[in-house]
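Visitor:
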Amino acid sequence: MGGISEDVEAVVPFRSAQRPLRTVLVSEVIDDAMSDLTERAAGGDVEAFETLYRGSVGRVFGLCLRMCSDRSLAEDLTQEAFVRAWQKLPSFRGDSAFSTWMHRLTVNVVLGHLRSTGRRQARESAAGESWYADDTTHRDRPAAVVDLERAIAGLPDRAREVFVLHDVEGYKHTEIADLAGMAVGTSKAQLSRARRLLRKALTS
Amino acid sequence: MTTITCDHVMDRLDELLDGELDADEATAVNDHLEMCAECHRELEAVRNLTAEAASLPRSIEPDNDLWPGIAGRIEARRVVRGRFGWRSPHLARRIVTTAAAAAVLVAAVTAAYLAGLHRSSTRTADSNLGPTTVVAAHLELDADLVRVRDDLMARLEQRRNQLSPATWSVVMDNLDVIDQAIARIAVALDEHPNDRQLNHHLAVAYRQQIDLLQRATRLPAEI
């Protein structure tokens with residue numbers, strides 16, 4: 063092992079015992095860079111904010127698209143989420159990573175939009191006519207993934223929202239209930255409904 | 690050992706997989722699953738579904754670059770960002786209403802002050818100093834409004850040496866008051882984007898600010 067690595071490892075042995083040193087250092091560099099970008103953006107640096115946007119737009123758009131199942135609306139909501147983030151960045155305290163904060167903010171934007179419009183009723187009647195029906199991004203993806211995405215997109219709105227948040231994004235029922243303004247029992251019931259409908263769709 | 694039915698197990702599969710059954714019930718359900726091939730197949734189906742969902746790519750890139758639209762909206766609101774945050778929408782509404790009213794009053798008083806300056810120095814000047822109809826055409830777009838205001842600010846800045854410090858101070862102080870009103874309204878609009886009253890307040894505040902700037906840029910030289 064080279065001298066530099068040994069020196070660094072001697073300084074941070076507790077870290078190297080848990081994770082490979084290279085991983086620790088790269089992670090710390092990224093964390094520092096993200097922290098710096100976030101701080102600069104919070105201070106009004108648009109270029110720093112654009113860098114944050116470039117690094118997270120895929121995650122934000124993917125979340126919007128799966129939750130609302132409408133590509134055009136997902137683009138609008140993505141823009142709204144980033145504008146909202148820009149507005150709120152000065153109050154971002156750095157308790158969590160920017161990506162975590164941005165993700166939660168996006169969920170709020172999407173749910174807020176879906177609750178404030180009458181779109182839900184239209185979606186219920188148009189289930190299946192989803193972004194995946196005519197989308198081109200899935201052409202190189204495995205058939206099973208394509209089928210699953212299509213089935214998720216065809217779910218009723220509330221069942222889809224809970225399924226995406228719980229099974230795709232990893233939120234707990236208590237978090238979903240808090241974000242969506244529903245009872246924990248309702249979240250569980252919607253998840254069961256979604257899974258049942260998906261299994262039926264995937265086996266038919 | 691408690692005997693449970695297939696229907697009962699089917700109703701508990703999601704909670705079992707999510708680790709949300711209490712220990713006794715989990716044991717009973719697992720005992721049933723060991724003996725019942727049909728329920729076991731169902732469990733595997735749900736398990737596979739959740740595993741596939743968890744492995745879906747989280748990131749999907751949009752077809753279009755959304756940054757230009759975001760940057761445009763950010764630039765339009767840059768002046769107002771994050772200066773006035775609050776939690777209560779009711780409080781926000783009350784403050785905004787007060788702020789907008791204050792902005793309108795301040796602008797009206799300032800306009801009268803500036804008009805007085807104008808009348809005392811010339812009798813041939815245009816007395817109709819509020820061509821807000823021209824500005825109103827731009828009220829739908831924040832970016833256009835900011836551009837109009839910035840243009841007027843630049844013109845006013847060029848005339849700074851021609852105005853007395855007292856006049857300059859009155860104009861700047863009151864522009865700042867209206868700026869604050871716009872800031873408060875814009876933040877409230879983030880929470881209630883479709884609120885017609887808030888949109889009206891914003892339009893009025895912008896109109897007042899631009900009108901004030903137009904009056905100020907037309908003042909005769911004092912120095």
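Sequence order for the protein chains is A and B. Take 63 as the starting number for the first sequence in the working numbering and just add one per residue. Take 690 as the starting number for the second sequence in the working numbering and just add one per residue. Glycine included, every Cβ here is placed at the ideal spot set by N, Cα and C.
For a test of the three-state rule: what should DSSP assign to A/N170, helix, strand or coil?
Guide: Note: A/N170 maps to helix in three-state DSSP.
Visitor: Using a C-beta cutoff of 9 Å, does B/L891 count as contacting chain A?
Guide: Not one chain A Cβ lies under 9 Å of B/L891.
Visitor: Taking A/S254 and B/D703 to be in contact with their CB atoms under 8 Å, please state how far apart those CB atoms are, rounded to whole angstroms.
Guide: Going by Cβ atoms, the distance from A/S254 to B/D703 rounds to 5 Å, so yes, they are a contact pair.
Visitor: On the criterion of 16 or more Cβ atoms from any shown chain inside 10 Å, does A/M129 qualify as buried, or is it exposed?
Guide: Under this definition A/M129 is a buried residue.
Visitor: Label A/D229 either buried or exposed according to how many other C-beta atoms from any shown protein chain fall within 10 Å of its C-beta, with 16 as the threshold for buried.
Guide: With 16 or more other Cβ atoms within 10 Å, it is buried.
Visitor: A/A136 and A/M164 look like a contact to me (Cβ under 8 Å); what is the Cβ gap, rounded to whole Å?
Guide: Rounded, the Cβ-Cβ distance is 15 Å, inconsistent with contact.
Visitor: Interface residues of chain A around B/A743 at Cβ under 8 Å?
Guide: Correct list: D229, V230, G232.
Visitor: With distances taken Cα to Cα, identify the nearest neighbour of B/D865 among B/D754, B/L902, B/A712, B/T694.
Guide: Nearest C-alpha to B/D865: B/L902.
Visitor: Among A/V246, A/R258, A/E231, A/A242, whose alpha-carbon lies nearest the alpha-carbon of B/P746?
Guide: Residue A/E231 is the option with its Cα nearest to B/P746.
Visitor: Under 9 Å Cβ-Cβ, which residues of chain A neighbour B/D879?
Guide: Here the neighbours are V145, R146, Q149, K150.
Visitor: Under a CB-based cut-off of 9 Å, is A/E237 close to chain B?
Guide: A/E237 does not count as touching chain B.
Visitor: Cβ closer than 9 Å: which chain A residues qualify as neighbours of B/G708?
Guide: Ordered by position in chain A, no residue passes the 9 Å Cβ test against B/G708, which lies about 10 Å from the chain.
Visitor: Could you round the C-beta distance between B/L755 and B/R736 to whole angstroms and report it? I think they count as a contact, below 8 Å.
Guide: The Cβ separation is near 37 Å, so there is no contact.
Visitor: How many angstroms separate the CA atom of B/T822 from the CA atom of B/L891?
Guide: Since pLDDT at B/T822 reaches only 32, below the 50 mark, its modelled position is unreliable, and the value read off the structure follows with that caveat. Straight-line Cα distance between these residues: approximately 16 Å.
Visitor: Assuming A/A159 and A/M96 are in contact, meaning their beta carbons sit under 8 Å apart, how far apart are those beta carbons, in whole angstroms?
Guide: Confirmed, about 7 Å.
Visitor: If we cut at 9 Å on Cβ distances, does A/E101 have a partner in chain B?
Guide: Not one chain B Cβ lies under 9 Å of A/E101.
Visitor: Mind checking whether B/W857 and B/R849 have CB atoms under 9 Å apart?
Guide: Yes; because the gap between Cβ atoms is below 9 Å, this pair is in contact.
Visitor: If you draw a straight line from the C-alpha of B/Y895 to the C-alpha of A/V171, how long is it?
Guide: Looking at the two C-alpha atoms, the distance is approximately 27 Å.
Visitor: Nearest by alpha-carbon distance to B/D879: which of A/G106, A/R102, A/L167, A/G120 is it?
Guide: Per the Cα distances, A/L167.
Visitor: How many Å lie between B/A717 and A/A205 at the Cα?
Guide: So the two alpha carbons sit approximately 37 Å from each other.
Visitor: Starting from B/L722, find everything on chain A with Cβ-Cβ shorter than 7 Å and list it in chain order.
Guide: Those do not exist, as B/L722 stays about 17 Å from chain A at its closest Cβ, beyond 7 Å.
Visitor: What residue range does the alpha helix (DSSP H) around B/M861 cover?
Guide: Looking at the DSSP string, the run of the alpha helix (DSSP H) that includes B/M861 is 854-880.
Visitor: Using beta carbons (cut-off 9 Å, strictly below), is A/V207 in contact with chain B?
Guide: Taking Cβ atoms only, chain B reaches closer than 9 Å to A/V207, which makes this a yes.
Visitor: Does any C-beta atom of chain B lie closer than 9 Å to the C-beta of A/L241?
Guide: Not one chain B Cβ lies under 9 Å of A/L241.
Visitor: With H, G and I counted as helix, E and B as strand and the rest as coil, what does DSSP make of B/C725?
Guide: Here B/C725 sits in coil by DSSP.
Visitor: Below 8 Å on the Cβ atoms is my guess for A/S131 versus A/R222; work out the distance and round it to an integer in Å.
Guide: Yes, they are in contact, since the Cβ atoms of A/S131 and A/R222 sit about 7 Å apart, within 8 Å.
Visitor: Shortest alpha-carbon distance to B/C728 belongs to which of B/E750, B/D700, B/L710?
Guide: If we check each option's Cα against that of B/C728, B/D700 comes out closest.
Visitor: Is DSSP giving B/D711 helix, strand or coil here?
Guide: Coil at B/D711, not helix or strand.
Visitor: How would you list, in chain order, the residues of chain B whose beta-carbon sits under 7 Å from the beta-carbon of A/E137?
Guide: Within 7 Å Cβ-Cβ: P751, N753, L755.
Visitor: Among A/P152, A/V226, A/R121, which residue has its Cα nearest to the Cα of A/F102?
Guide: Just to set this straight, residue 102 of chain A is Arg in the shown sequence, not Phe. Comparing Cα-Cα distances from A/R102 to each of A/P152, A/V226, A/R121, the minimum goes to A/P152.
Visitor: B/P909: which of B/S853, B/N883, B/Q898, B/I874 sits nearest, CA to CA?
Guide: The shortest C-alpha separation from B/P909 is found at B/S853.
Visitor: Do you know how far the Cα of A/R177 is from the Cα of A/E186?
Guide: Confidence at A/E186 is low in this model, with a pLDDT of 48, below 50, so the placement of that residue should be treated as unreliable; the coordinate-derived value is given next. Distance between the alpha carbons of A/E186 and A/R177: 14 Å.
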